[in-house]
Amino acid sequence: MKRISILILTVIAATLSSCLPTYDIEPPVLTVSYTEDDIIYFSEIQTASLNVNIHSKEAIVGFQMRGNPPFQSVFTRDSIFPQYCHNVNFNVNITYPNVKIQIAPDSVYQLEFLAYTENDSATAKRTLKYKYRYPEIDSFDITLSSDIYNGLCLLDIQNKTAYKYSEYKNHNFDLVYINPFGLNDKNPALNNMNSSFASPDAAFLYEYFEAKTKDDPYLYEESSLGFRTTYCGELIPNTDHPFDWSKIDEKTVNSESGWLYYYLNDNTNFGYGLSSLGKARYYKFKLYDNSYAMIQILSQVLRTDPNSSIDIRVYYQK
7 MKRISILILT VIAATLSSCL PTYDIEPPVL TVSYTEDDII YFSEIQTASL NVNIHSKEAI
67 VGFQMRGNPP FQSVFTRDSI FPQYCHNVNF NVNITYPNVK IQIAPDSVYQ LEFLAYTEND
127 SATAKRTLKY KYRYPEIDSF DITLSSDIYN GLCLLDIQNK TAYKYSEYKN HNFDLVYINP
187 FGLNDKNPAL NNMNSSFASP DAAFLYEYFE AKTKDDPYLY EESSLGFRTT YCGELIPNTD
247 HPFDWSKIDE KTVNSESGWL YYYLNDNTNF GYGLSSLGKA RYYKFKLYDN SYAMIQILSQ
307 VLRTDPNSSI DIRVYYQK
């Protein structure tokens, strides 16, 4: 009888235990931007930014990233999660570092992300590829004039506009359109110099505007914003690949090679600039923020006149 009772109790216990809910420990949930099928690009000028979210019922104790081939030096993380937390969200920003790393043979890296708790873990994989992608460009047309009282001579490229000389104290601008023609008698160094582009900080502009205005010279200390530096130059077309404005692209505008920068009237004391502008040349500029622009001259009026005007098309990095 005692033996039968034990068997009955065992069966009852087994039956009850099978009805009780089981509490399996769930693994953490790891969510990363993009999918495994996406190719994520990065370069010197393009950051690959991936958002990482980890959620877990257990406390999150660690997170790792691995690259194959390894290149840990390119990883930065903008957030560190606190101890005993169950939900974290941060960005992983991947850039090509200033200290060059060895690019993988096919420029492709396999990334593995790992989040873990005391008892479990979760992984995600992504594909990263190095590819230099030039920024997109845009363009606009504008007319500039060397008539400093009535015309627009201060070119603001990013805002696609121009200002009068009287506004120089209250605006940022990237180029100054001038025409020193007629000042030759006062300065023989200006012989044959007419319509020109000058960097806003070109030393020659003080002399130029002092001669033009008599009573309102171009003074750095009176500008509330300071004067920018713009490197002014010219694209030198390859004879095997002649330049064509109709085929201008991102690489043409933004490439650091293939162009030379100049000084106004070839005089280092005058500052950066381009003198005696002509339609058949390909002008290129490096702006204060290291972006590039190119200017096509569409037409010129009274080129050898103190009050000349010029119609231009500006191609610039967005």
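Here the working numbering = 1-based position in the sequence shown + 6. Just so it is clear, CB atoms sit at the ideal spot from N, CA and C, and this is done for glycine as well.
Checklist entry - Should the region 144-154 be called in touch with the region 90-98, which here means at least 3 C-beta pairs below 8 Å? => result no
Checklist entry - Measuring CB to CB, does Y212 end up less than 8 Å from I184? => result Here residue 212 refers to the residue found at position 206 of the sequence shown. Here residue 184 refers to the residue found at position 178 of the sequence shown. Contact: no.
Item to check | Proximity of Y122 and A208 at Cβ, strictly below 8 Å | outcome: Within the sequence shown, the letter at position 116 stands for residue 122. Within the sequence shown, the letter at position 202 stands for residue 208. The answer is no: Cβ separation not under 8 Å.
Checklist entry - Just to confirm, are Q323 and S297 a CB contact at a threshold of 8 Å? => result Here residue 323 is taken as the residue at index 317 of the sequence shown, counted from 1. Here residue 297 is taken as the residue at index 291 of the sequence shown, counted from 1. Closer than 8 Å, so yes.
Item to check | N- and C-terminal bounds of the alpha helix (DSSP H) containing K292 | outcome: Counted from its first residue, the sequence shown places residue 292 at position 286. Segment Y289 to K292 is the beta strand (DSSP E) holding K292; no alpha helix (DSSP H) there.
Checklist entry - What residues in its chain sit with their C-beta under 8 Å from that of V182, if we drop five residues either side in the sequence? => result What you label residue 182 is simply residue 176 of the sequence shown in a count that begins at 1. Correct list, in chain order: C159, L160, L161, F203, A204, S205, P206, A208 and L211.
Next on the checklist: Just to confirm my understanding: we take F291, look at its own chain, exclude 5 residues before and 5 after, and list those with CB closer than 6 Å. What are they?
Outcome noted: Start at 1 with the first residue of the sequence shown, and residue 291 comes out as number 285. If we look at F291 and ignore the five residues flanking it on each side, its Cβ neighbours are T236, C238 and A299.
Checklist entry - Which residue spans inside the region 235-303 form an unbroken alpha helix (DSSP H) run of at least 4? => result 256-260
Next on the checklist: What does the alpha-carbon distance come out to for the pair Y267 and L225?
Outcome noted: For the purposes of this step, residue 267 is taken as the residue at position 261 of the sequence shown. For the purposes of this step, residue 225 is taken as the residue at position 219 of the sequence shown. Near 25 Å, if we compare the C-alpha coordinates of L225 and Y267.
Item to check | Integer-rounded CB distance, given that H61 should sit under 8 Å from P33 | outcome: Reading the sequence shown from its first residue, position 27 is the one you call residue 33. Reading the sequence shown from its first residue, position 55 is the one you call residue 61. The Cβ separation is near 11 Å, so there is no contact.
Next on the checklist: Using a 10 Å radius around the Cβ and a threshold of 16 neighbouring Cβ atoms, would you call K218 buried or exposed?
Outcome noted: Locating residue 218 in the sequence shown gives position 212, where the first residue counts as 1. Buried.
Next on the checklist: Please classify T258 as buried or exposed, where buried requires at least 16 neighbouring CB atoms within 10 angstroms.
Outcome noted: Position 252 of the sequence shown holds residue 258. When all chains shown are included, T258 counts as buried.
Next on the checklist: Tell me which residue opens and which closes the beta strand (DSSP E) that T129 is part of.
Outcome noted: The residue given as residue 129 occupies position 123 in the sequence shown. Looking at the DSSP string, the run of the beta strand (DSSP E) that includes T129 is S127 to Y136.
Item to check | Contact under 8 Å by Cβ, L117 with G73 | outcome: Residue mapping note: residue 117 aligns to position 111 of the sequence shown, counting from 1. Residue mapping note: residue 73 aligns to position 67 of the sequence shown, counting from 1. Cβ distance < 8 Å, so L117 and G73 count as in contact.
Checklist entry - Under the three-state reduction of DSSP, which class applies to L211: helix, strand or coil? => result Counted from its first residue, the sequence shown places residue 211 at position 205. Reduced to three states, the DSSP call for L211 is helix.
Next on the checklist: Here's the rule I'm using: 16 or more other beta-carbon atoms within 10 Å means buried, otherwise exposed. How should A286 be labelled?
Outcome noted: By one-based count along the sequence shown, residue 286 stands at place 280. Exposed, since its Cβ has fewer than 16 Cβ neighbours within 10 Å.
Checklist entry - Going by DSSP, which residues form a beta bridge with A168? => result In the sequence shown, the residue the question calls residue 168 occupies position 162. DSSP output for A168 lists L161 as bridge partner(s).
Checklist entry - With respect to the beta strand (DSSP E) encompassing D144, which residues constitute its N-terminal and C-terminal limits? => result Residue mapping note: residue 144 aligns to position 138 of the sequence shown, counting from 1. I143 to S151 is the extent of the beta strand (DSSP E) around D144.
Checklist entry - With C-beta atoms as the reference, is Y40 less than 8 Å away from R132? => result One-based indexing of the sequence shown puts residue 40 at position 34. One-based indexing of the sequence shown puts residue 132 at position 126. It is a contact, given that the beta carbons lie within the stated cut-off.
Item to check | Coil, strand or helix - E227 by DSSP | outcome: Here residue 227 refers to the residue found at position 221 of the sequence shown. E227 falls in the helix class under three-state DSSP.
Checklist entry - Among T37, N93 and Y140, which one has its Cα closest to the Cα of S49? => result Counting from 1 along the sequence shown, the entry for residue 49 is found at position 43. Ranking T37, N93 and Y140 by Cα distance to S49 puts Y140 first.
Item to check | Status (buried if at least 16 other CB within 10 Å, exposed otherwise) for W251 | outcome: Translated into the one-based positions of the sequence shown, residue 251 becomes position 245. It counts as exposed.
Item to check | Nearest-angstrom beta carbon gap, Y294 and R234 [assumed within contact, 8 Å] | outcome: Here the question's residue 234 lines up with position 228 in the sequence shown. Here the question's residue 294 lines up with position 288 in the sequence shown. Indeed, because the Cβ distance is near 4 Å, the residues count as touching under 8 Å.
Checklist entry - In chain order, what residues of the same chain lie with their CB nearer than 8 Å to the CB of N313, ignoring the 5 residues before and after it? => result Position 307 of the sequence shown, counted from the start, is the residue given in the question as residue 313. Result list for N313: S151, S152, D153, G157 and N185, in chain order.
Item to check | Boundaries (first-last residue) of the beta strand (DSSP E) holding F119 | outcome: Locating residue 119 in the sequence shown gives position 113, counting from the first residue. Note, F119: beta strand (DSSP E), V114 to Y122.
Checklist entry - Under the three-state reduction of DSSP, which class applies to T37: helix, strand or coil? => result By 1-based counting over the sequence shown, the position of residue 37 is 31. T37: strand per DSSP, three-state reduction.
Checklist entry - Which one or two residues does DSSP pair with Q70 in a beta bridge? => result As a working mapping, residue 70 is identified with position 64 in the sequence shown. DSSP lists L120 as partners of Q70.
Checklist entry - Tell me the DSSP bridge mates of A217? => result In the sequence shown, the residue the question calls residue 217 occupies position 211. A217 is not bridged to any residue.
Next on the checklist: Comparing C-alpha positions only, which one of V94, Y102, P75 and S127 sits nearest to Y115?
Outcome noted: In the sequence shown, counting from the first residue as 1, residue 115 sits at position 109. Ranking the options by Cα distance to Y115, first place goes to P75.
Checklist entry - Which whole-angstrom value is the C-beta distance of K166 and S230, which I expect to be below 8 Å? => result Translated into positions along the sequence shown, residue 166 becomes position 160. Translated into positions along the sequence shown, residue 230 becomes position 224. Contact flag wrong, Cβ pair sits at about 22 Å.
Checklist entry - Is it right to say I301 is buried, meaning 16 or more other beta carbons lie within 10 angstroms of its own, or is it exposed? => result What you label residue 301 is simply residue 295 of the sequence shown in a count that begins at 1. When all chains shown are included, I301 counts as buried.
Next on the checklist: Nearest by alpha-carbon distance to L308: which of N273, G188 and K63 is it?
Outcome noted: Indexing the sequence shown from 1 puts residue 308 at position 302. It is G188.
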